[in-house]
Amino acid sequence: MPESILTSAPVPRKTMVLFFLIDTSGSMFGTKIGSVNNAIEEIIPDLKKMSEANPDAEIKIAAMEFSNGIKWVTPDGPVSADVFRWEPIEAMGVTDLGAAFTELREKLSKSAFMQEAAGSYAPVIFLMTDGEPTDEWQKPLEELSENKWFVHAIKVALAVGDDANEEVLRKFTGNENSVVKATNSELLKKMIKFVSVRSSQVASRSAAAVSDNGLKPTKQEEFLYELKTAVEEMRGDAVVSDDEWD
Amino acid sequence: MAAEEFIKNAGNNLLKNAEDIQRQLSQLEKCIISRWGDEVYEDFGAHPYRDDEIAKLPSDWGFDDYIYSVYGSTLLLAAVTEKYWFGIQIGDGRIFAQSADGDFSEPVPWDENCFLNATTSICDSDAADEFRHYYSEILPTAVFLCTDGVSEAYRDKKDLCKIFEQLTRIIISQGKFKGKRVLDKMLPEISEYGNRDDTSLSLIYSKDAVLTKEKIFGRR
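Chain order of the listed sequences is V and F. Plus 124 on top of the position in the first sequence (first one is 1) and you've got the numbering used here. Plus 12 on top of the position in the second sequence (first one is 1) and you've got the numbering used here.
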């Protein structure tokens, strides 16, 4: 066989970005934010290994905290899992979810955090919150829902405790099966680990193109099926915890 | 019939203005959709779906969805004559043209509805409006038509065009047989290292491209 002409221009790996949107309002103070910090810190090595071993895609991480307004943990854009380090975040303030939606919409653009569609897989967007939005969020969510990256993303929302407004989270993900609830720190950590790692695996895998004709499950559908099964198992395995949240 | 009419009219300089060209190309696209629909219907009649295939189809599909969506496809088409050339497209994939000075362009407008894995398709109810096209009497030296497995493997299209340029050089200098062998090796590699999507590539080059190419390659 002749030498490959691709040696002069090798096919590059695609990029898949895992977005964390983390509520750092005052009600997250204590074991909630502590569990979030621990879980994310613990999954970084897994994501790094996955990214290194994945011939299809490099996994990058972008993280935003929202309370009184928003703040990017990764202000310069998504960071490769190979070099990403998690610095613990603290909880204080209100729940400006609308501001988070607006900021996410602005960054889901090839002129901001995303690259050309040709070199990318649809991102994973993982929202964690424990309460009610304290700012106007409907209009920002409507605008976010028109963003193409958002439309194609795998979207998951984690309700931390019983006080999270799950209806808002359902509207965010567009699917009630994409909203999961953790009622104690053990479940919270397990869910963060499962959602982050498994959704990244599904999202960064090559898949033949499908038109919107419903013949093959989308990555979102495929992930949700796994999520449902995993959540049932986690709940079944969970021991009664002494830090059960109200 | 529409294709014959378009080629005859363009060849005989009967396309007077941009409006004429637009109208005739749109007619050609409608004709393609209609003929595609006829062929699908005939094939469906000869090979009806098995029960296990029907079970996989969404329960809320209507009759047209039921038949045509399964056969849905993107389409890339280009024709180059001595006087003019045109390209027609629906869905993703890309058409690249190389000019006499060696530059590459994507003359057929991109459709923003084709994003990541979503694409328009000839099976869409508004397919006639989703077709895009390009017509010019400035002839390219080469035209490359590729499905998205090839075109979207590269973030920077300059890298892809570099590959096309090399391929053309091999075909021109070493012949079509050698070019085909290179292509047979190249497409599976792009599929393996790229998005593992369908990888198809067609190339048109004119005999004048040989001289142009020698001139271009000679000066490098």
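Every residue, glycine too, gets a C-beta built ideally from N, C-alpha and C.
Review point. Is the CB of V:Pro136 under 8 angstroms away from at least one CB in chain F?
Key: Interface flag for V:Pro136 against chain F is set, since a Cβ pair is found closer than 8 angstroms.
Review point. Per DSSP, V:Met174 is paired with what?
Key: Residue pairing of V:Met174 in beta bridges, as defined by DSSP: absent, with no partner found.
Exercise for review: Check whether the Cβ atoms of V:Gly217 and V:Asn192 sit closer than 8 angstroms, and answer yes or no.
Suggested key: At the C-beta level, V:Gly217 and V:Asn192 come within 8 angstroms of one another.
Check your understanding: Between the region 154-170 of chain F and the region 53-65 of chain F, do at least 3 Cβ pairs fall closer than 8 angstroms?
Key -> Touching, no.
Point to revise | Between the CA atoms of V:Asp254 and V:Phe144 - distance to the nearest angstrom | key: Those two C-alpha atoms are separated by around 15 angstroms.
**Study point:** For V:Val284 and V:Leu312, believed in contact at Cβ under 8 angstroms, the rounded distance
**Key:** By a beta-carbon distance limit of 8 angstroms, V:Leu312 contacts V:Val284. Their separation comes to about 6 angstroms.
Check your understanding: Does V:Arg133 get closer than 8 angstroms to chain F when you measure Cβ to Cβ?
Key -> A small correction: the amino acid at residue 133 of chain V is Ala; Arg does not occupy that position in the sequence shown. Chain F contact via Cβ: present.
Check your understanding: Rounded C-beta distance between V:Ala236 and V:Glu230? I'm assuming under 8 angstroms.
Key -> Rounded to the nearest angstrom, the Cβ distance from V:Ala236 to V:Glu230 is 6 angstroms, consistent with a contact under 8 angstroms.
Point to revise | V:Ser335 (DSSP reduced to helix, strand or coil) | key: Below a pLDDT of 50, predicted positions are generally treated as unreliable, and V:Ser335, at 42, falls in that range; the measurement from the model is reported next regardless. If DSSP states are grouped into helix, strand and coil, V:Ser335 belongs with coil.
Practice item. Alpha carbon to alpha carbon, how far is F:Ala15 from F:Ala22? Give it in angstroms, no decimals. Key: About 11 angstroms.
Check your understanding: Is it true that the CB of V:Val292 sits closer than 8 angstroms to the CB of V:Trp261?
Key -> When the beta-carbon positions are compared, V:Trp261 and V:Val292 come within less than 8 angstroms of each other.
Point to revise | Against chain V: residues of the region 168-185 of chain F by CB proximity under 7 angstroms | key: For chain V, the residues of the region 168-185 of chain F that bring a beta carbon within less than 7 angstroms of one of its beta carbons are Asp171, Lys174, Ile175, Gln178, Leu179, in chain order.
Review point. Hey, would you say the C-beta of V:Ala215 is under 7 angstroms away from at least one heavy atom of the ligand MG?
Key: No copy of the ligand MG appears in this structure; indeed no ligand is present at all.
Review point. Hey, how far is the Cα of V:Thr155 from the Cα of V:Asn308?
Key: Their backbone Cα atoms lie some 9 angstroms apart in a straight line.
Exercise for review: Rounded to whole angstroms, what's the CA-CA distance from V:Glu310 to V:Met358? Just pull it up for me.
Suggested key: Looking at the backbone, the Cα of V:Glu310 and that of V:Met358 are separated by about 10 angstroms.
Point to revise | F:Tyr83 versus F:Gln36, F:Cys135, F:Ala58, residue with shortest Cα-Cα distance | key: Comparing Cα-Cα distances from F:Tyr83 to each of F:Gln36, F:Cys135, F:Ala58, the minimum goes to F:Cys135.
Exercise for review: May I have the straight-line CA-CA distance separating V:Ile185 from V:Ala277, to the nearest angstrom?
Suggested key: Straight across, the Cα-Cα distance linking V:Ile185 with V:Ala277 is about 14 angstroms.
Point to revise | Option in F:Phe176, F:Val155, F:Ile45, F:Asn24 with minimal Cα separation from V:Ala133 | key: Selected option, being the one with the closest Cα: F:Phe176.
Check your understanding: Expressed to the nearest angstrom, what Euclidean distance is found between the alpha-carbon atoms of F:Asp123 and F:Gly103?
Key -> So the alpha carbons of these two residues sit roughly 8 angstroms apart.
Practice item. Show which residues of chain C have a CB atom less than 7 angstroms away from the CB atom of V:Ile129. Key: The structure shown has no chain C; the protein chains it does contain are V and F.
Check your understanding: Roughly how far, in whole angstroms, is the beta-carbon of F:Trp97 from the beta-carbon of F:Ser148, given that I think they are within contact range, below 8 angstroms?
Key -> Going by Cβ atoms, the distance from F:Trp97 to F:Ser148 rounds to 6 angstroms, so yes, they are a contact pair.
Check your understanding: Taking the C-alpha atoms as reference points, what is the distance between V:Phe208 and V:Trp196?
Key -> Just so you know, the alpha carbons of V:Phe208 and V:Trp196 end up roughly 14 angstroms apart.
Practice item. Spell out the partners DSSP gives F:Cys158 in its beta bridges. Key: Per DSSP, the beta-bridge partners of F:Cys158 are F:Arg106, F:Leu213.
Point to revise | Touch test, the region 105-113 of chain F against the region 69-76 of chain F, Cβ-Cβ under 8 angstroms, three pairs minimum | key: Cβ pair count under 8 angstroms is below three, so no.
Review point. Between F:Glu164 and chain V, is there a C-beta pair that is closer than 8 angstroms?
Key: Taking Cβ atoms only, chain V reaches closer than 8 angstroms to F:Glu164, which makes this a yes.
Exercise for review: Please determine, among V:Ala327, V:Ala281, V:Asp180, the residue with the shortest C-alpha to C-alpha distance to F:Arg208.
Suggested key: The option with the nearest alpha carbon to F:Arg208 is V:Asp180.
**Study point:** Within 8 angstroms of chain F by C-beta, residues of the region 226-248 of chain V in sequence order
**Key:** Those residues of the region 226-248 of chain V that come within reach of chain F (Cβ to Cβ, closer than 8 angstroms) are Gln239, Glu240, Ala241, Ala242, Gly243, Ser244, Tyr245, Ala246.
Check your understanding: What residues in its chain sit with their C-beta under 7 angstroms from that of V:Phe318, if we drop five residues either side in the sequence?
Key -> Cβ within range, chain order: Ala354.
Review point. Counting only beta-carbon atoms, is F:Glu201 nearer than 8 angstroms to chain V?
Key: Yes, F:Glu201 lies at the interface with chain V (some Cβ there is under 8 angstroms from its Cβ).
Check your understanding: Are the Cβ atoms of F:Leu4 and F:Gly99 separated by less than 8 angstroms?
Key -> Residue 4 of chain F falls outside the range modelled here, since chain F spans only 13 to 232, and no answer is possible.
Point to revise | Cutoff 6 angstroms; reference V:Glu256; Cβ partners in own chain excluding five residues on either side | key: These residues qualify, in order along the chain: Asn289.
**Study point:** Where V:Tyr349 falls: helix, strand or coil (DSSP)
**Key:** Here V:Tyr349 sits in helix by DSSP.
Review point. So which residues of chain V does F:Leu128 contact, with C-beta pairs closer than 7 angstroms?
Key: Here the neighbours are Ala241, Ala246, His276.
Check your understanding: Are the beta-carbon atoms belonging to V:Ala246 and V:Trp273 less than 8 angstroms from one another?
Key -> Their beta carbons are under 8 angstroms apart, which means V:Ala246 touches V:Trp273 by this criterion.
Check your understanding: Would you say the region 197-205 of chain F touches the region 139-155 of chain F, given that touching needs at least three Cβ pairs under 8 angstroms?
Key -> These segments do not touch.
Check your understanding: Around the C-beta of V:Ala332, are 16 or more other C-beta atoms found within 10 angstroms, so that it is buried, or is it exposed?
Key -> For V:Ala332, the pLDDT reaches just 48, beneath the cut-off of 50, and the residue's location in the model is therefore unreliable, leaving the point undetermined.
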